[in-house]
Amino acid sequence: RDVQTMTELRDLYQAVILDHNNNPRNYGKLTLANRHAEGVNPLCGDQVNVFFRLGDDVSVKEVGFEGRGCAICMASASIMTETVKHLSVVQADQYVTAFCSLAVGENSDVTGRLDLSTLKILAGVKAYPARIKCATLAWHTARSALSKGGASVTTET
Ligand code: ZN
Numbered sequence: 015r016d017v018q019t020m021t022e023l024r025d026l027y028q029a030v031i032l033d034h035n036n037n038p039r040n041y042g043k044l045t046l047a048n049r050h051a052e053g054v055n056p057l058c059g060d061q062v063n064v065f066f067r068l069g070d071d072v073s074v075k076e077v078g079f080e081g082r083g084c085a086i087c088m089a090s091a092s093i094m095t096e097t098v099k100h101l102s103v104v105q106a107d108q109y110v111t112a113f114c115s116l117a118v119g120e121n122s123d124v125t126g127r128l129d130l131s132t133l134k135i136l137a138g139v140k141a142y143p144a145r146i147k148c149a150t151l152a153w154h155t156a157r158s159a160l161s162k163g164g165a166s167v168t169t170e171t
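And the structure:
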């Protein structure tokens, strides 16, 4: 398999952002949500609400998001929902950890059993350090909804 060049990765990154920003997946409030959290990134003006409906087996039956913000934030939220849908909460959390590591240019130590192909493309954001918080906001918000009782998330403390 050919090694992807930086240019190819950048083109893939742009295409994925455009696709998900233009056609966000799982967009909208879940009426039957039993988990919810809000996240804000004041530096960019991004704001996202993440909703989950967890089943009795503690897996993600449904996931949705609403919000407003830049294309990277909205696309990343869309990709997050696609990634964690139908997973157990434990698996979903592993993907959150993996993506947040990739986005800052670190290898994740939980990559073994995870399919990270799309997340590695999205992690192309690391070439644009000012936008990393845009890309990780929805993931931190999802983690709060799933594991921290839905506390609000901000990128700035
Ligand atoms: Zn942003």
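Position in the sequence shown counted from 1, then plus 14, gives you this note's numbering. All C-beta atoms in this analysis are idealised placements derived from N, C-alpha and C, irrespective of residue type, glycine included.
Residue i: CB within 7 Å of a non-hydrogen atom of ligand 1
i, result
"Ile-86", "yes"
"Asp-107", "no"
"Gly-83", "yes"
Close-in-space but distant-in-sequence residues of the same chain around residue i (CB under 7 Å, 5 per side omitted)
i, result
"Ala-117", "Ala-137, Val-139, Lys-140, Ile-146, Ala-149, Thr-150"
"Met-212", "Any question about residue 212 goes unanswered here, given that the chain covers just 15 to 171."
Contacts around residue i, its chain only, beta-carbon distance under 8 Å, and the 5 residues preceding and following it disregarded
i, result
"Ser-73", "His-100, Leu-101, Ser-102, Val-103"
"Asn-121", "Ser-115"
"Gly-83", "Asn-55, Cys-58, Gly-59, Asp-60, Gln-61, Val-62, Cys-148, Leu-151"
"Ile-135", "Leu-23, Leu-26, Tyr-27, Val-30"
Beta-bridge pairing of residue i - partner residues as DSSP gives them
i, result
"Thr-168", "Val-54"
"Arg-49", "Phe-66"
"Gly-81", "Val-62"
Straight-line gap, residue i to residue j (C-alpha atoms, nearest Å)
i, j, result
"Ser-166", "Arg-157", "11 Å"
"Glu-22", "Asp-70", "43 Å"
"Cys-128", "Tyr-109", "Note that residue 128 is Leu in the sequence shown here, rather than Cys. Cα to Cα, the separation comes out at about 7 Å."
"Tyr-41", "Ala-47", "13 Å"
"Thr-168", "Ser-131", "27 Å"
"Arg-15", "Gly-164", "Low confidence applies here, because Arg-15 scores a pLDDT of 43, under 50, leaving its location unreliable; read the following figure in that light. Distance between the alpha carbons of Arg-15 and Gly-164 is about 42 Å."
"His-50", "Gly-119", "29 Å"
"Val-98", "Gln-105", "8 Å"
"Met-88", "Met-20", "24 Å"
"Phe-113", "Asp-107", "10 Å"
Cutoff 6 Å; reference residue i; Cβ partners in own chain excluding five residues on either side
i, result
"Ala-91", "Val-62, Phe-79, Ala-152"
"Leu-44", "Phe-65, Arg-67, Glu-76, Gly-78"
Residue i - containing alpha helix (DSSP H), residue span
i, result
"Asp-33", "20-36"
"Lys-147", "146-161"
heavy atom of ligand 2 below 7 Å from residue i C-beta
i, result
"Asn-63", "You won't find ligand 2 in this model; what it holds is ligand 1."
Residue i, enclosing beta strand (DSSP E) - first and last residue
i, result
"Val-118", "No beta strand (DSSP E) holds Val-118; DSSP gives it neither H nor E."
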